[in-house]
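Student:
Protein chains: 2
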Amino acid sequence: MNRFRYTVQGARNKVLSAVKRLSAETIEVSEACGRVCAENILVNENIPSREISLRDGYAVNSKDLASECALKSLEIAGAITAGDIPGAALEPGACVRITTGAPVPDGADSVIPYEDVSIRQNKIFVEKEIGKGQFVMKSGDIARSGDIVAKTGTMMTPMTISAIVDTGRAYVKVVRRPRVGILVTGNEVVEPDVKRKDQQVYCSNRYLLGALARNYGGEEIFLGICPDSEKETLSVLEAVHGCDCVVISGGTGKGEHDCVKGAWKKAGVDILFDGVSMHPGRSTACGIRGGVLYFSLPGNPLASGVAFVQFVSVALLNMAGRNVSSPPCTRAILAENLRLKGNGIERFFWGRTTCGKGELKVVPAGTEKKGFLQKIAGANCVIASSSKEGVLKKGETVTVQPVCLGLDLSYLTFFYS
Amino acid sequence: MNRFRYTVQGARNKVLSAVKRLSAETIEVSEACGRVCAENILVNENIPSREISLRDGYAVNSKDLASECALKSLEIAGAITAGDIPGAALEPGACVRITTGAPVPDGADSVIPYEDVSIRQNKIFVEKEIGKGQFVMKSGDIARSGDIVAKTGTMMTPMTISAIVDTGRAYVKVVRRPRVGILVTGNEVVEPDVKRKDQQVYCSNRYLLGALARNYGGEEIFLGICPDSEKETLSVLEAVHGCDCVVISGGTGKGEHDCVKGAWKKAGVDILFDGVSMHPGRSTACGIRGGVLYFSLPGNPLASGVAFVQFVSVALLNMAGRNVSSPPCTRAILAENLRLKGNGIERFFWGRTTCGKGELKVVPAGTEKKGFLQKIAGANCVIASSSKEGVLKKGETVTVQPVCLGLDLSYLTFFYS
C-alpha cells in the first residue's frame with residue numbers, strides 16, 4: 314500500500330471538497346476589518362443627497378459673473394455652514410459665505426474660495442474668471458442610490474468599513490470566524506508556568522497552533538492536554554465543543570501509544586486523507602464527522618506548524634468565506650543555500666523574511682542540528698519547494714507562505730481579489 | 314511664508330523626534346503575536362533537559378550491536394513511554410521499548426525504529442548497521458541554558474510564542490498598544506444608524522481612522538463628534554482621556570469655522586509641523602502636549618486616510634516599540650495609467666492590489682470624478698509617487714503602502730528585521 318497517497322495539493326483538495334462556508338453573524342462595522350461580507354451593502358440614497366460646497370468661500374450664481382456681464386462684485390447676503398438647513402434661494406447679484414460641506418443654496422451654482430476674492434463694504438470683488446459649477450459637488454457624485462459598496466464575499470478593508478458607514482449602516486452581516494478546537498496529546502506534555510519534571514515538556518504546540526489559528530482567521534478553543542490513551546482521546550472527541558474544526562497534535566505514529574487514529578475510528582470520523590507525500594508532516598491526516606473537520610498533525614512543533622499552514626489554513630480561510638485553494642504565498646530571494654533531499658517530494662522549511670531595497674529576502678531557520686530554538690523563534694514564514702536539485706542556491710527565488718497575516722486577515726486582500 | 318515647509322519625510326522626522334516608546338505590560342503569551350517584546354527571554358535550563366528518543370522503537374547500547382560483535386539480538390527488558398520517569402539503567406545485551414519523546418535510559422545511546430527490527434521470543438533482531446547515537450536527541454540540542462529566544466524589541470510571531478512557552482513561560486512583557494483618541498469635527502457629522510437629515514453626513518471618518526489605528530497596532534478611543542467650535546474642541550482636548558495620541562479629523566482649513574488650530578493654541582499644544590508639501594493632505598498638522606501627540610487631519614475621508622497612513626502610522630508603530638521611519642510599503646505594478654500633476658509634489662492615491670502569477674498588481678481607486686465610493690470601498694493600499702511625469706504608465710512599478718496589516722501586525726516582520 315502506498316501510505317502517501319496524496320500530494321500536498323491533492324490532500325488540500327480533499328479538504329476543499331469537504332469544507333463549508335460558515336453561517337453569518339451581525340457585528341459592529343468597526344469590528345469588520347478583514348471579515349468577509351455576508352450581504353450586499355446598497356447605497357439607498359444619493360451621496361451627497363444634495364449639492365454641497367467643496368471649499369470655504371462664497372456661493373455664487375456664475376451668470377452674475379459671466380464675462381459679458383459688468384458686475385464683478387456681489388453683495389454678501391448671509392452665511393451658511395456645514396450642517397445648516399439650506400435657507401432662502403440666492404437673489405441675483407448676491408452671494409453667501411459658505412463652508413466646506415455646507416449645502417449650496419438654490420440659485421447658486423458655484424463656489425469661489427476665500428483666497429480668490431477681496432472684500433469691501435459687505436461685497437466680494439472677484440478678479441478671476443470662474444468656471445460654472447466649480448467647487449460644487451452634485452447629488453450622487455460620491456455614490457448613487459442603488460450602487461453596491463460591498464458584495465457578499467468581499468473581504469473588508471478600512472475603506473470598505475468607511476464606505477459602509479457612508480450608507481448609514483453601523484452593523485454588517487459577516488461570515489463568522491471558525492472555532493478551532495486544539496487538542497495536544499502526550500503523557501509528557503505540561504502547561505507552562507509550572508515547574509516541569511525532567512521527563513516532561515511544555516506544550517508549546519498548543520500556543521503555536523493557537524497563534525496560527527488566529528492568523529488564519531480562526532478562534533482558538535483549547536481542548537486540553539490528553540494523555541496517550543485512545544479511550545481518553547475518544548472521550549474528548551465525543552464531548553461537544555461547538556468547534557467547526559478540531560486540530561490534534563501528536564499521536565500520529567505507529568507506536569502503541571499513538572491512538573488518535575484509533576479514537577477517530579471509534580468516534581466515526583471518516584478519513585479524507587491519511588498521510589501526505591511531504592516532509593515534514595507526512596503523517597498528517599484529515600477526517601470529517603458531522604460537518605466538523607478533524608486534523609491529526611505530528612507532535613513535533615516544527616512539523617505540526619508546517620502541516621497546519623498547508624491544510625488547516627485552507628480549511629479556515631474557506632470556512633470564513635474566502636475562496637482559496639492554497640495558503641497565501643509570495644516569492645522571496647534565498648539569503649543562504651538550502652539543502653533538500655532533491656527527490657521531488659515537497660519539502661517545507663521555516664524561514665524569516667526581511668525586506669530591504671524593495672526586495673524580500675528569506676533566511677531559513679531551524680535547519681541547524683543544534684540549538685535551533687533561538688533561530689526558529691524568529692520564523693515568520695514557511696519556505697516551500699519541490700525542487701529536484703540537492704541544493705537551492707543563495708539568490709534563487711523561492712515560494713514563502715507568511716504565517717503572520719494578522720488577526721483581521723485583511724492583508725489577504727493583497728493576495729486575493 | 315512658505316506654508317508647506319515640510320516634505321512628507323521631513324514631517325515624519327518631526328514626529329519621530331517627538332515620539333516615545335510606551336511602557337510595558339505583562340500579557341498572556343497566547344496574546345503576544347505581533348506585539349513587541351519588552352524583556353529578554355532566556356532559556357534557563359537545557360532543552361531537552363536529558364536525552365530523549367526521536368522515534369518509536371527500541372533503546373539500545375550501540376556497543377552491543379557493533380559489527381565485530383556477534384550479538385545481533387537483544388532481550389526486551391521493559392518499556393518506557395514519553396512522560397515516564399527514567400527507570401533502571403540498561404543491562405548489556407538488553408533493550409527497552411521506547412516512544413518518541415521518552416527519556417533514553419542510562420546505558421543506552423541509540424534508538425532503533427520499530428520498522429528496522431523483527432521480534433521473536435521477547436527479543437529484537439537487528440539486520441541493519443546502526444549509527445551510534447541515532448535517533449537520540451541530546452540535552453541542549455534544542456536550546457542551551459542561557460540562549461535567548463526573544464530579545465527586547467523583537468516583534469513576536471507564532472514561532473516566537475512557541476519558543477517562549479518552550480522556556481516554561483506563560484506570560485510575557487510587551488510594549489503596550491498606543492491608545493489613539495479619535496475626534497471628528499463638523500456640525501454636519503452624525504453617527505450611522507440614525508436617519509440623517511438632508512444636510513448631514515455620516516461620520517465614516519471615525520470608522521476609517523479607527524480601522525487604520527487598529528491596523529497600525531493602536532487601540533481606538535472614540536472622543537465623539539465635536540461641532541465646529543473652538544470652545545467645544547478645546548473642552549474635548551482638556552478632558553483627560555488617557556490617550557497616547559489624539560487624531561482629529563476636519564477643521565483644518567482657514568475658514569472661520571475651522572477651529573482645531575485655535576483650540577490647540579489655547580490648550581498649549583506645541584506645533585511640530587503645520588502643512589506638508591503633499592497632495593492630498595497638505596493641511597495636515599501635528600503638535601505635542603505633555604508627551605501626547607496631536608494630529609490634525611483633513612475632513613475629507615480620502616485625504617484624512619492618506620495623512621493617517623503617512624504620519625500617524627509611524628507614530629503608532631514607534632510607540633509600540635518598532636523602529637520604523639516610514640509606513641510599511643512594498644512595490645506593485647500599475648494596472649492602469651495614473652495621472653499626476655507632474656510637479657514633483659508627493660502625491661498619494663488609494664488603490665487595490667491583487668496578486669496573480671506571483672506578481673502584485675495595483676489598480677488606482679477613487680480617482681473617478683463620479684460615483685467613486687463603489688471603487689474606493691475596495692481599496693487596500695495607498696499608492697505613493699513623487700514622479701515629475703504627468704502620467705504614470707500602466708506596467709510601471711510603484712510604491713504601495715498596505716493599510717490592511719491586521720490587528721496583530723506580525724505581518725510587519727515580513728518588512729522589518
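Keeping their order, the protein sequence lines are chains A and B.
Each residue of the first sequence is one higher than the last, beginning at 314 in our numbering.
Each residue of the second sequence is one higher than the last, beginning at 314 in our numbering.
From the three backbone atoms N, C-alpha and C, an ideal C-beta is built for every residue, glycine too.
Fully enclosed by the segment 591 to 648 of chain B, which alpha helix (DSSP H) runs are 4 residues long or longer?
Tutor: 614 to 620, 626 to 632
Student: With a cut-off of 8 Å, does the C-beta of I474/B fall near any C-beta of chain A?
Tutor: By 1-based counting over the second sequence, the position of residue 474/B is 161. Against chain A, the CB of I474/B has a partner CB under 8 Å away; the residue lies at that interface.
Student: Of all Cβ atoms in chain A, is any one closer than 8 Å to the Cβ of I398/B?
Tutor: Here residue 398/B corresponds to residue number 85 of the second sequence, with the count starting at 1. It does; some Cβ of chain A falls within 8 Å.
Student: Give the C-beta separation of A372/B and V417/B to the nearest angstrom, bearing in mind that I take them to be a contact with Cβ-Cβ under 8 Å.
Tutor: Here residue 372/B refers to the residue found at position 59 when the second sequence is read from its first residue. Here residue 417/B refers to the residue found at position 104 when the second sequence is read from its first residue. The pair is a contact, with the Cβ atoms about 5 Å apart (cut-off 8 Å).
Student: Would you check if the distance between the CB atom of T412/B and the CB atom of D369/B is smaller than 8 Å?
Tutor: On the second sequence, residue 412/B is found 99 positions in, with the first residue counted as 1. On the second sequence, residue 369/B is found 56 positions in, with the first residue counted as 1. Contact flag set, yes.
Student: Tell me, to the nearest whole angstrom, how far the beta carbon of L378/A is from that of I443/A; I am working on the premise that it is less than 8 Å.
Tutor: Numbered from 1 along the first sequence, position 65 holds the residue referred to as residue 378/A. Numbered from 1 along the first sequence, position 130 holds the residue referred to as residue 443/A. The Cβ separation is near 6 Å, so the contact holds.
Student: Roughly how many angstroms lie between the CA atoms of K445/A and G406/A, to the nearest whole one?
Tutor: In the first sequence, counting from the first residue as 1, residue 445/A sits at position 132. In the first sequence, counting from the first residue as 1, residue 406/A sits at position 93. Their Cα atoms are separated by approximately 16 Å.
Student: Please report the Cβ distance between V349/A and G531/A, rounded to the nearest whole angstrom; I am assuming they are in contact, meaning their Cβ atoms lie under 8 Å.
Tutor: On the first sequence, position 36 is the one that residue 349/A refers to. On the first sequence, position 218 is the one that residue 531/A refers to. No, V349/A and G531/A are not in contact; Cβ-Cβ is about 13 Å, not under 8 Å.
Student: Please state whether DSSP places R665/B in a helix, a strand or coil.
Tutor: Your numbering for residue 665/B matches position 352 in the second sequence. Reduced to three states, the DSSP call for R665/B is strand.
Student: With 7 Å as the limit, tell me which residues of the segment 523 to 539 of chain A have their beta carbon closer than that to any beta carbon of chain B; keep them in chain order.
Tutor: G523, A524, L525, R527, N528
Student: Any residues in the segment 508 to 520 of chain A with a beta carbon nearer than 9 Å to a beta carbon of chain B? Which ones, in chain order?
Tutor: K508, R509, K510, D511, Q512, Q513, V514, Y515, C516, S517, N518, R519, Y520
Student: At the level of alpha carbons, what is the spacing between R665/B and K385/A?
Tutor: Sequence index remark: in the second sequence, residue 665/B carries index 352 (1-based). Sequence index remark: in the first sequence, residue 385/A carries index 72 (1-based). Going from the Cα of R665/B to the Cα of K385/A covers about 46 Å.
Student: Report the residue from K654/A, K707/A, H592/A, C556/A whose alpha carbon sits nearest the alpha carbon of V695/A.
Tutor: Sequence index remark: in the first sequence, residue 695/A carries index 382 (1-based). When the alpha-carbon of V695/A is set against those of K654/A, K707/A, H592/A, C556/A, the nearest one is in H592/A.
Student: Tell me, please, whether the CB atom of T339/A is closer than 8 Å to any CB atom in chain B?
Tutor: Residue numbering aside, residue 339/A sits at position 26 when the first sequence is read from its first letter. Cβ-Cβ to chain B under 8 Å: no for T339/A.
Student: In its own chain, which residues sit with a C-beta less than 7 Å from the C-beta of R363/B, not counting the 5 before and 5 after it?
Tutor: Here residue 363/B refers to the residue found at position 50 when the second sequence is read from its first residue. Taken in chain order, the residues that qualify are P416, S452.
Student: Specify the secondary structure class of G523/A as computed by DSSP and reduced to three states.
Tutor: The residue given as residue 523/A occupies position 210 in the first sequence. In the structure shown, the three-state DSSP call for G523/A is helix.
Student: Mark S475/B as exposed unless 16 or more other C-beta atoms lie within 10 angstroms of its C-beta, in which case mark it buried.
Tutor: Residue mapping note: residue 475/B aligns to position 162 of the second sequence, counting from 1. The residue is buried, with at least 16 neighbouring Cβ atoms inside 10 Å.
Student: Measuring only the C-alpha atoms, how far is N656/B from G703/B?
Tutor: What you label residue 656/B is simply residue 343 of the second sequence in a count that begins at 1. What you label residue 703/B is simply residue 390 of the second sequence in a count that begins at 1. Answer to the nearest angstrom: the Cα atoms are 8 Å apart.
Student: Determine the burial state of N636/A: buried for a count of at least 16 other Cβ atoms within 10 Å of its Cβ, exposed for fewer.
Tutor: Position 323 of the first sequence, counting from 1, holds the residue named residue 636/A. By the neighbour-count criterion, in which a residue is buried when 16 or more other Cβ atoms sit within 10 angstroms of its Cβ, N636/A is exposed.
Student: Excluding five sequence neighbours on each side, which residues of the same chain lie with their C-beta closer than 7 Å to the C-beta of S542/B?
Tutor: Numbered from its first residue, the second sequence carries residue 542/B at position 229. Excluding sequence neighbours, S542/B sits near C572.
Student: I need the DSSP call for P471/A, collapsed to helix, strand or coil.
Tutor: By one-based count along the first sequence, residue 471/A stands at place 158. Here P471/A sits in helix by DSSP.
Student: DSSP three-state label for G323/A, please.
Tutor: Along the first sequence, one-based indexing puts residue 323/A at 10. Residue state, collapsed to three classes: helix.
Student: For the alpha helix (DSSP H) that contains A580/A, what are its first and last residues?
Tutor: As a first step, residue 580/A must be located in the first sequence, where it is residue number 267. Its alpha helix (DSSP H) spans residues 573 to 580.
Student: Check the Cβ of S362/A against every Cβ in chain E and list those closer than 7 Å, keeping chain order.
Tutor: The chain inventory of the structure shown lacks chain E, comprising the protein chains A and B.
Student: Compute the distance between the beta-carbons of V549/B and L585/B, then report whether it is under 8 Å.
Tutor: The sequence position of residue 549/B within the second sequence is 236, counting from 1. The sequence position of residue 585/B within the second sequence is 272, counting from 1. No.
Student: For P386/B, which of helix, strand or coil comes out of DSSP?
Tutor: Here residue 386/B corresponds to residue number 73 of the second sequence, with the count starting at 1. For the record, residue 386/B in the displayed sequence is Ser; it is not Pro. In the structure shown, S386/B sits in a strand (DSSP, three-state: E or B).
Student: According to the neighbour-count rule (16 or more other Cβ atoms, all chains shown, within 10 Å of its Cβ), is F621/A buried or exposed?
Tutor: Here residue 621/A corresponds to residue number 308 of the first sequence, with the count starting at 1. Label assigned to F621/A: buried.
Student: CB-CB under 8 Å to S730/A, same chain, minus the five flanking residues each way: which ones, in chain order?
Tutor: Translated into positions along the first sequence, residue 730/A becomes position 417. Reliability of the predicted coordinates at S730/A is poor, the pLDDT of 40 falling under 50, and the value obtained from them is presented with this limitation in mind. For S730/A, where only same-chain residues beyond five positions count, there are no Cβ hits under 8 Å.
Student: Strictly under 8 Å for the Cβ-Cβ distance: is N315/B near chain A by that measure?
Tutor: Counting from one through the second sequence, the residue named residue 315/B turns up at place 2. With a pLDDT of 47 at N315/B, under the threshold of 50, the predicted position of this residue should be treated as unreliable, though the coordinate-derived value follows. No, N315/B does not count as interfacial toward chain A.
Student: How about V478/B: is its C-beta nearer than 8 Å to some C-beta of chain A?
Tutor: The sequence position of residue 478/B within the second sequence is 165, counting from 1. Yes - at least one Cβ of chain A is within 8 Å of the one on V478/B.
Student: Let me check one thing: in DSSP terms, what residues is E659/B bridge-paired to?
Tutor: The residue labelled residue 659/B in the question sits at position 346 within the second sequence. DSSP output for E659/B lists M591/B as bridge partner(s).
Student: Starting from the C-beta of E440/A, find all residues in its chain whose C-beta is less than 7 Å away, skip the five residues before and the five after it, and write them out in chain order.
Tutor: Here residue 440/A is taken as the residue at index 127 of the first sequence, counted from 1. Around E440/A: no qualifying Cβ.
Student: Do you know how far the Cα of Y607/B is from the Cα of T480/B?
Tutor: What you label residue 480/B is simply residue 167 of the second sequence in a count that begins at 1. What you label residue 607/B is simply residue 294 of the second sequence in a count that begins at 1. Spanning the two alpha carbons is a distance of roughly 41 Å.
Student: For F438/B and D583/A, what's the separation of their Cα atoms in angstroms?
Tutor: Looking up residue 438/B in the second sequence gives position 125. Looking up residue 583/A in the first sequence gives position 270. Separation of F438/B and D583/A (C-alpha to C-alpha, rounded to the nearest whole angstrom) is 37 Å.
Student: Mind checking which residues open and close the alpha helix (DSSP H) that includes K688/A?
Tutor: Position 375 of the first sequence, counted from the start, is the residue given in the question as residue 688/A. Unbroken alpha helix (DSSP H) run through K688/A: 686 to 689.
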